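Take a look at the structure set out below.
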Amino acid sequence: MLLTTVDRVPSGGPYLFPDERLVEEWRRKLPTTEGFQVGICWQGSVRQPVDRQRSIPLENFLALAEISGVELISLQKGGGPQIAAMGDGGGNGGPALASSLVPLYDDGGAHGGGGAGPPEESLACPVAAEGQKIWFLHGERDQSRGAFVDTAAIIMGLDLVITLDTSIAHLAGGLGMPVWVLLPHAADWRWLLDRDDSPWYPTVRLFRQSSPGDWQGVFRRVAEALRELVAVRTLTGSPAAARTLTRSVSEASRLPVLAYASGLCRPTSNPAYAQGSRVWNRRGIAAAERGRLEEAVSLFRRAVRFQPDSPEMRSNLGNALRNHGDLADAAEQLQQAIALKADYAEAHHNLGLVRARERRFEEAIACFEKALECKPDFAQCRNSLGVALADVRRFADAEASFRRAIEPWGGLPRPSATDGRPGKAAPQGPFVARAMNNLGNALSQQGKRAEAAKCFERATKIDSQFADAYNNLGNVLRELGRHAKAIAAFERALAIRPKFAEAHNNLGIAWSARRNYDQALACYAEALRLWPDYAAAHNNRGIALANRGDWADAIVNYRRALELKPDYAEAMNNLGIVLSQQGEYEEAIALYKRAIELKPDYAEAFSNMGITLTECRRIDEALEGYAQALEHKENYPDARMNRALSYLIRGDFERGWREYEWRWKCKDFNARKFGKPAWDGSPLHGRRIMFHAEQGFGDTFQFIRYARLVKERYDCTVILWCPKQLVPLVREIPYIDEVTIEGEPIPEIDVHLPLLSLPMVFGTTVETVPGEVPYLYAKPELIERWRKELSYIGALKIGIAWKGNPRYRGDRHRSIPLERFAPLADIPGVRLIGLQKGLGTEQIAQLNDRFSLTELPASRDEAAGSFMDTAAILKNIDLVISCDSSLTHLAGGLGVPVWLAQSLASDWRWLLNRDDSPWYPALRIFRQKTLGDWEEVFERMAGELRALV
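Residues in the sequence shown are numbered from 1226 upward in steps of one, following this note's numbering.
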């Protein structure tokens, strides 16, 4: 299939790589003498038909065992039957071998031969006595770890392997180790004809029988070659002499073999060792660049084994070990490199990378600084220093280091020239892109998001396939409110790297910011499919679910995030928010406190705890929480606004209104710009002033009262800018001169002001609330029409409303199940009239005749306009009993008596501990005594209502 020929056999180097830790383990077990260690194998599988020709009588190896300086180590699995046959003391007329066999024990396995095991302090037998030249391995080799695993590690510790044509020959060749293969006259096809080398294995040398069965001739040549090889050990390691001995090795792969074949005389001054180590080093670099980390580690270890005093090779090995995750071994190698060369900048740098991976950041910084002392223009090290400084939150110092890193490229790099292939940057492009990306991160952490965005954009121009930079660009664009461009950046990152879980998560955040929670949840689902234990995605999924009102599922996701990451302060904060909304205040407060313990400057948690404490009516503690939030984040608008609500609920209007102006800096508020100044309360002198509605309909109904004050006190034209639904009702207000619909062209104006800023301008206190009613008006003809429609009801007419806007954060507490109104319906002489329209009306069908409720036509407010029929109906009933909704404010503004059923966690405008309201003289408040207990509230109401009837 691959059209391989003899000249095109893929034989560039080793392709089998044993575990180097196992190699070291077996090296300690092998004999510790300085002898030339040769692994031998003589017996193949007896099940193979050719085994009779290829297997070799063990006694042939005795000639090799007698060579001075040679130690033979058996690689034979099980030893073969020949050991027993040759160990009988010569009783069969053969040479005695028993005195030449010395056992080596493997992993403390069962010991044969009837002898005791090795000493406890060593797994290897003591050095053999004089004349003992063949060592054999005994125990459970290759069983517990798998076939050939131990054998491969053993071979890596030998100087040479001499074997028959069996799997050991291929194993040694694949490992790149020198191996002499002894072949029968009729050799296997793969060894070809009439050659003593092999295109399959550059490190193989072949010794063939000259005639069938002539092993003696083979061993004479092997012994001669081995004597010459051992003799070279006493020389200086001449490559020329080694080349004569290994003439069959191809030029391209000669150097590693020369190092072995030149005498393998441990001294590192041997030039062959140096040449061999450089080859292994180059191959290690190539493997590392291809991401083949285990191979790289193995190759660098071989290089170091040849040249242990090379700081460069030890540094390379240390770096490969770091990338492989072996941090302790990496640090040891790098420290040895530094010991060999104290001013070796690269080794100091690599050691710093190890310390950073160990999260020992201060030590990492010290290593990087030392590297820069040795090599001040070391740009990569400046980049690494910047990353470590960012890890300890020294973002300004990190920024400076990143800027120094890119200085050699002008500081503001331009797209590099490419070789014409898309996405391939020039050689320095990837590094500069990374440094620019890191600079962007440091700037972003300092709040310099616009500048950060430029850095990320430059990084993507330098390297158009840089998915991380696109992801980071998306994050800062989202923080800048440029959500469409953020989404495009995340999608580009995912086009480059589809399995980029973080980018899927961040894309979900961007969709969530646009309130597209379904799309956001789909993104989080994909992130979690790719990374099921991704705590941040579980947390963010919880946020999307909470925003959609799926509280139970949100809690499940937050708790899962905390299972995966117990110190996840943000998830604790978010879980606290949802639990607070469900009335689980104590657990919520405990979560906020724990989040703050983990993150003492966590302003958001302090602020959210303030909200919960306010709902618990622990106002002083709430204000302390806001103060802490603002101490850590001085201009934090949410904390300012929440503190305003705490001031307001306790009646401190002076500070409350002032702080409430911070709402326009909160993300949920969009400050409108009309090209005209905001009114500051100064005389108007006939000018045109426009008030604009904000927030909910109820807020407009409550604060439109101030238009009367303005009209009465100043000579001016009053204009109201409001949603279309409110236009019919507000046009009935006599002190509003003009009404403009939101979204239509702005009329000519001189000044403007949001409605809820009017109390601040007027300096309103609890005592000076303009409470005169009515200030809202129904059409007289509609009032008359609905008087006739309701005239058939002879009982006390009680209009009821039970459901507020579900999008409001506190609606879970303020809305009331319709069935709770039953005690009122049971009172003789009372008739309940349903004022609810749309949401909540489905509960009427669920009453199942438990009490009687008069339903009004669903078509009301359609012909006359929103709220017009409702206002007229309210003017025809005796009392309104309602949850806290816009209907309460409408009835109050019309001057209709209202009983407000109020949650314990009430809104700021109803103040604390009072059953009346300065805003509406005809309103009474019936507050919960226990959160969620509506039953007691309606029993109290029923008692009061009986007295009225």
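The beta carbon of each residue, even a glycine, is placed where N, CA and C say it ideally should be.
As the structure is a computational prediction, the values presented were derived from the model and not from experiment.
One Cα belongs to Ala1658, the other to His1917, and the distance between them is close to 48 Å. Here Phe1926 is buried. Its C-beta has 16 or more other C-beta atoms within 10 Å.
Inclusion of Leu1407 and Phe1432 in the CB contact set at 8 Å is warranted, their separation being smaller than that value. Asp1244 is not a Cβ neighbour of Ala1397, given a cutoff of 8 Å. When rounded, the separation of the alpha-carbon atoms in Ala1854 and Glu1829 is 7 Å. Of the candidates Ser2077, Glu1879, Glu1937, Glu1937 places its Cα closest to the Cα of Ile1961.
By the Cβ-count criterion, Ser2084 is exposed, with fewer than 16 other Cβ atoms from all chains shown falling within 10 Å of its own Cβ.
Between Ala1735 and Ile1712, the gap from beta carbon to beta carbon is short of 8 Å.
Distance from the CA atom of Asp1688 to the CA atom of Ala1562, rounded to whole angstroms, is 34 Å.
In this structure Phe1525 is in contact with Asn1506, their Cβ atoms being roughly 7 Å apart against a cut-off of 8 Å.
The C-beta separation of Asn1765 from Tyr1749 comes to about 6 Å, placing the pair in contact by the 8 Å criterion. Following the DSSP letters along the chain, one finds Phe1928 inside the alpha helix (DSSP H) bounded by residues 1922 to 1928.
Shown here for Arg1722: same chain residues with a beta carbon closer than 6 Å to its own, the five before and five after excluded, namely Ala1692 in chain order. Under DSSP, Cys1266 takes part in a beta bridge, and its partners are Thr1388. Counting of Cβ neighbours within 10 angstroms places Tyr2017 among the exposed residues, the total staying below 16.
Rounded to whole angstroms, the separation of the alpha carbons of Lys1898 and Tyr1939 is 24 Å.
Ile1874 has its alpha-carbon roughly 7 Å from the corresponding atom of Trp2135. Spatial neighbours of Pro1972 in its own chain (CB-CB distance under 8 Å, excluding positions within 5 residues in sequence) are listed in chain order as Arg1913, Met1915, Ile1944, Glu1963, Thr1965. Look at the beta carbons and you see the segment 1419 to 1427 not touching the segment 1443 to 1451: under three pairs across the two are nearer than 8 Å. For Ala2003 and Ala1738, the gap between their C-alpha atoms comes out near 40 Å. In summary, Ile1387 is buried, with 16 or more beta-carbon neighbours lying within 10 Å of its beta-carbon over all protein chains present.
A straight-line Cα-Cα distance of about 16 Å links Phe1261 and Arg1253.
Annotation for Trp1405: the continuous beta strand (DSSP E) segment containing it runs 1404 to 1408. Per DSSP, the continuous beta strand (DSSP E) segment holding Gln2127 begins and ends at 2123 to 2127. For Met1866, DSSP assigns no beta-bridge partner whatsoever.
With a minimum length of 3 residues, the unbroken runs of beta strand (DSSP E) contained wholly in the segment 1870 to 1931 fall at 1913 to 1917. Here DSSP, grouped into helix, strand and coil, assigns Lys1818 to helix.
Of the candidates Ala2050, Ala2147, Ser2091, the residue whose Cα lies closest to the Cα of Phe1922 is Ser2091. Secondary structure of Leu1981 (DSSP, three-state): helix. A check of alpha carbon separations from Trp1904 across Ile1974, Val2055, Glu1751, Ala1852 identifies Ile1974 as the nearest.
DSSP places Cys1606 in the helix class (H, G or I) of the three-state scheme.
Linking Val1976 to Ala1752 through their CA atoms gives a straight-line distance of about 50 Å.
Under the 10 Å beta carbon count, Asp1232 is surrounded by fewer than 16 other beta carbons and is classified as exposed.
Restricting attention to Ala2097, Asp2109, Leu1870, Asn1700, the CA atom closest to the CA of Val2121 is found in Ala2097. In the DSSP assignment, Cys1947 forms a beta bridge with Ile1966. Arg1430 sits in a strand when the DSSP states are folded into three classes.
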